[in-house]
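So for the sequence shown, UniProt numbering puts the first residue at 1; every next one is plus one. Idealized CB from N, CA, C, for every residue including glycine. Single-structure report; data block below.
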Amino acid sequence: MQIIFPKETPEYSGRELTLAFPAMVDGERVECMITAEALEDHFGAASPRIEDMLGAFSNHRDRIEAATRRLLSETRAQCLVLRSGYVRFYEANWRN
Numbered sequence: 001m002q003i004i005f006p007k008e009t010p011e012y013s014g015r016e017l018t019l020a021f022p023a024m025v026d027g028e029r030v031e032c033m034i035t036a037e038a039l040e041d042h043f044g045a046a047s048p049r050i051e052d053m054l055g056a057f058s059n060h061r062d063r064i065e066a067a068t069r070r071l072l073s074e075t076r077a078q079c080l081v082l083r084s085g086y087v088r089f090y091e092a093n094w095r096n
């Protein structure tokens with residue numbers, strides 16, 4: 001499975017408190033999201049405000065993409081939401 005992350009600016013959803021970002025999985029676009037909670041708990045976002053979430057995403061994009069890559073592999077590239085609990089589990093067990 002080939003997974004590539006286009007370097008696009010994530011889309012903020014204040015209603016859902018998420019950032020959406022794309023992945024290309026074997027040439028197909030898959031929409032991924034990360035929650036404000038995950039960004040606050042693991043990536044240093046100070047709040048669910050757009051500025052804080054985008055800053056945390058930008059500063060930790062490599063770690064976020066690594067966790068997303070693992071989850072995409074586990075779910076066979078279904079649309080996904082990266083939540084705090086999965087990031088905690090991923091970083092405790094697979095992060096290099």
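| request: Could you work out which residue in 66, 43, 5 and 53 is closest to residue 19 when comparing CA atoms only? | output: Within the sequence shown, numbered from 1, the residue matching residue 19 stands at position 19. Per the Cα distances, 53.
Does residue 9 come out as helix, strand or coil in the three-state DSSP assignment? Numbered from 1 along the sequence shown, position 9 holds the residue referred to as residue 9. Correct three-state label for residue 9: coil.
**Asked** What residue range is occupied by the uninterrupted beta strand (DSSP E) comprising residue 20?
**Response** The residue labelled residue 20 in the question sits at position 20 within the sequence shown. Note, residue 20: beta strand (DSSP E), 18 to 25.
Three-state secondary structure assigned by DSSP to residue 70: Counting from 1 along the sequence shown, the entry for residue 70 is found at position 70. Correct three-state label for residue 70: helix.
| Do residue 66 and residue 39 come within 7 Å of each other at the CB atom, strictly closer than that value? | The sequence position of residue 39 within the sequence shown is 39, counting from 1. The sequence position of residue 66 within the sequence shown is 66, counting from 1. No, Cβ-Cβ distance for residue 39 and residue 66 is not below 7 Å.
inquiry  = By the three-class DSSP mapping on this structure, what secondary structure does residue 83 have?
reply    = As a first step, residue 83 is located in the sequence shown; it is residue number 83 there, counting from the start. The answer is coil: DSSP assigns residue 83 none of H, G, I, E or B.
Exercise for review: Please list, in chain order, all residues of the same chain as residue 90 whose beta carbon is under 7 Å from its beta carbon, the five residues on each side excluded.
Suggested key: Counting from one through the sequence shown, the residue named residue 90 turns up at place 90. Same-chain partners within the cutoff: 67 and 70.
* When DSSP labels each residue in this structure, what does residue 63 get in the three-state scheme? -> For this step, residue 63 is matched to residue 63 along the sequence shown. Helix, per DSSP.
Where does residue 1 fall in DSSP's three states? Working through the sequence shown from its first residue, we reach residue 1 at position 1. Coil.
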